[in-house]
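>
Chains as they are written, first to last, in the numbering used here: chain H, 1 to 358; chain U, 1001 to 1073.
1) Less than 8 Å between CB atoms is the rule here; does residue 61 (chain H) satisfy it with respect to chain U?
2) Tell me where the alpha helix (DSSP H) around residue 144 (chain H) begins and ends.
3) Going along chain H, which residues have a C-beta under 7 Å from residue 1002 (chain U)?
4) Going by C-alpha to C-alpha distance, which of H:127, H:207 and H:268 sits closest to residue 188 (chain H)?
5) For residue 335 (chain H), write down the residues that DSSP places opposite it in a beta bridge.
6) Just checking my contact of residue 182 (chain H) with residue 251 (chain H) at CB under 8 Å: how many whole Å lie between their CB atoms?
7) Note down, in chain order, all residues in the segment 323–346 of chain H with a beta-carbon under 8 Å from any beta-carbon belonging to chain U.
8) Pull up the DSSP beta-bridge partners for residue 1018 (chain U), would you.
9) Closest Cβ-Cβ distance between residue 13 (chain H) and chain U: below 8 Å?
10) Would you call the segment 30–43 of chain H and the segment 73–80 of chain H touching, i.e. three or more CB-CB distances under 8 Å?
11) Counting only runs that start and end within the segment 31–118 of chain H, where is the alpha helix (DSSP H) found for 4 or more residues in a row?
12) Can you find a CB in chain U that lies within less than 8 Å of the CB of residue 166 (chain H)?
13) DSSP three-state label for residue 256 (chain H), please.
14) For residue 163 (chain H), return the contacting residues in chain U, with the cut-off set at a CB-CB distance below 7 Å.
15) Within 8 Å (strictly less), CB to CB, does residue 1047 (chain U) reach chain H?
16) Compare the Cα-Cα distances from residue 264 (chain H) to each of H:100, H:319 and H:33 and report the closest residue.
17) Going by DSSP in three states, residue 212 (chain H) sits in which element: helix, strand or coil?
18) Over what stretch of residues does the alpha helix (DSSP H) that includes residue 229 (chain H) continue unbroken?
19) If the criterion is Cβ atoms closer than 8 Å, does the pair residue 246 (chain H) and residue 272 (chain H) meet it?
20) Would you mind stating whether residue 54 (chain H) and residue 67 (chain H) have Cβ atoms separated by less than 8 Å?
21) Could you give the distance in angstroms between the alpha-carbon of residue 365 (chain H) and the alpha-carbon of residue 24 (chain H)?
22) At the level of alpha carbons, what is the spacing between residue 310 (chain H) and residue 1063 (chain U)?
23) According to the neighbour-count rule (16 or more other Cβ atoms, all chains shown, within 10 Å of its Cβ), is residue 210 (chain H) buried or exposed?
24) Give me the Cβ distance between residue 83 (chain H) and residue 126 (chain H), rounded to the nearest whole Å; I'm assuming they're in contact under 8 Å.
25) List the residues of chain H whose Cβ lies closer than 8 Å to the Cβ of residue 1033 (chain U), in chain order.
26) Quick check on residue 180 (chain H): does DSSP put it in helix, strand or coil?
27) Three or more beta-carbon pairs under 8 Å between the segment 228–244 of chain H and the segment 324–344 of chain H, yes or no?
28) Would you report the Cα separation of residue 1047 (chain U) and residue 109 (chain H), rounded to the nearest angstrom?
29) Go ahead and label residue 48 (chain H) buried or exposed: buried means 16 or more other beta carbons lie within 10 angstroms of its beta carbon, across all protein chains shown.
30) Counting beta carbon pairs with one atom in the segment 150–167 of chain H and one in the segment 1011–1028 of chain U, are three or more of them shorter than 8 Å?
31) According to DSSP, is residue 284 (chain H) helix, strand or coil?
32) Residue 1053 (chain U) to residue 1061 (chain U), Cα distance in whole Å?
33) Smallest Cα separation from residue 288 (chain H): which of H:275, H:57, H:308 and H:304?
34) Taking residue 155 (chain H) and residue 111 (chain H) to be in contact with their CB atoms under 8 Å, please state how far apart those CB atoms are, rounded to whole angstroms.
35) Could you check how far apart the C-beta atoms of residue 222 (chain H) and residue 256 (chain H) are, in whole angstroms? I think they sit under 8 Å.
36) Would you mind working out which of H:290, H:121 and H:236 sits nearest residue 203 (chain H), comparing C-alpha positions?
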C-alpha cells in the first residue's frame, strides 16, 4: 500500500466541488486552495530526495510532525510549482531549530508570521521577485511559498486561529510573507555569502516578523540621514524591545549608504547605536523593566550600548540588513520581531543541499 | 499546558494557569496530548498591566482553584 493511500479523499470529479470540499475540511486560509490531486503531490515529492514519510519538523508542544508528504500536499494547495518545494523544506528545517520557537511565535497574541528571505541564485532560478513591489502581490513563487508556510502551520501543526493561534490582531503577512534578496546592483555580499555557505549555495532565512513598518525618506542623501530614519522607526515605543530586527533597504537608499563606503557592518553598528530610548522615556510609556536593562548593560554588554538607554536588540548582529525592492523610491522597511527578547531567534538553512546533515 | 501535563506524566503534580481568553487554547493542547479533561486554573485577563490590588484579586481566585485541583475537590 503506498504511503499516501490512506490520505486519499474520494470526492466527485468536479474541480469546484473539490475546492469547496477543501473549505469544508478547514484546510484553507480563507482563500481557495488548489485541490491536492495525486499527480501534483507526486511532482512536488520528486523535488525532495528523502522518502515521503521523512520528518522535516516537529511541533515542540504537541509532537505533531511535518513529513515531506504533508509538506508537499500543502505546497500544492498553496499553488506552488514543484521547483519551489526545496525552499519550503529548507524553511521548515530552519524553523525546526529550537531557538526559532515556531510554536510560541505562531500561538502568541503577538500575531507574528514567519518572514522568509531567500538569498542566492536559486531565487532567480525559480523566478522569485526581489524587485519592484517586493512585499506585494503578483509573483507566484513569493506568494505561494509564503502561503504554503502558513498552510502547514495551520493544517499540519494545527495552529488554528482562535484556538491555538491567539494572535490579537495578526498581520497581513500571515497570508504570505516571503521575499527574495535582490542581487542585481547589490553592493554588499548576499546573505547566503555572509552565512558562509559554499559558492553557489542559496539559503532561506526565517524570522518571526511582527508586522511591517515603511521607512520613507526622499530628502536624505547621507548614510546618517537614511539610517537615522530607519533607526527612528526601529526605536518607536510600540516596537522597541530587546528583539532582533530585519531591515530591507530600498536600492535608492542602498546607493546612498553603500555609495558613501559603508559596509553592512557599519550600517548595523549605526542602527544599533541610534535605535534607542532613554530609561525615562521607556518609563513614561510603562515599558521599562530593570531585568531588560540589566541584560543589555551587563558584563557582556556591547560596547555601543549607551548607559541610561534601552537599545533595540542586544547588539549590531541582531539587525539583519538586506537590499530589496524597485529601483525608484525612498521606501525601505523595518520588520519588528515577535520576540521581545530572545524568545525567537532568526535561523537559516541552505536550499536543496545537505550541509553537515546527520 | 504542555509543561503541566509533562510534569504529570513524570509523576509530579502540577497546576496550569491561564487567563480566560486562553481557555480554548489550553483545552485544545490538553486534547492533543490525550488528557482532554485535564483541569486547570482560569483567571481574569490581563495580567501584565494589572495593579497590585488587581493582581492580588486574581491570585486569590487562582489560589482557591489550585487547592481544588491539587486536593481533588
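The beta-carbon is built from N, C-alpha and C at its ideal position, and this holds for glycine as well. These numbers were taken from a predicted model, which means no experiment stands behind them.
Taking the coordinates as given:
1) It does; some Cβ of chain U falls within 8 Å.
2) That run of the alpha helix (DSSP H) goes 140–155.
3) Correct list: 61.
4) H:268
5) H:246
6) 7 Å
7) none
8) U:1042
9) no
10) yes
11) 38–45, 68–78, 85–95 and 102–107
12) yes
13) helix
14) Ordered by position in chain U, the residues that pass the 7 Å Cβ test against residue 163 (chain H) are 1024, 1025 and 1028.
15) No, no contact with chain H.
16) H:319
17) In the structure shown, residue 212 (chain H) sits in coil (DSSP, three-state: anything other than H, G, I, E or B).
18) 223–234
19) no
20) Cβ atoms of residue 54 (chain H) and residue 67 (chain H): closer than 8 Å.
21) Past the boundaries of the shown model lies residue 365 (chain H); chain H is included only from 1 to 358, so the question cannot be answered.
22) 36 Å
23) buried
24) 5 Å
25) Proximity of chain H to residue 1033 (chain U) at the Cβ level (cut-off 8 Å) is accounted for by 62, in chain order.
26) strand
27) Yes: at least three Cβ pairs fall under 8 Å.
28) 13 Å
29) buried
30) Taking a cut-off of 8 Å for Cβ pairs, the segment 1011–1028 of chain U and the segment 150–167 of chain H touch, as three or more such pairs fall below it.
31) helix
32) Each residue's alpha carbon lies about 13 Å from the other.
33) H:308
34) So it is not a contact: roughly 19 Å between Cβ atoms.
35) 7 Å
36) H:121
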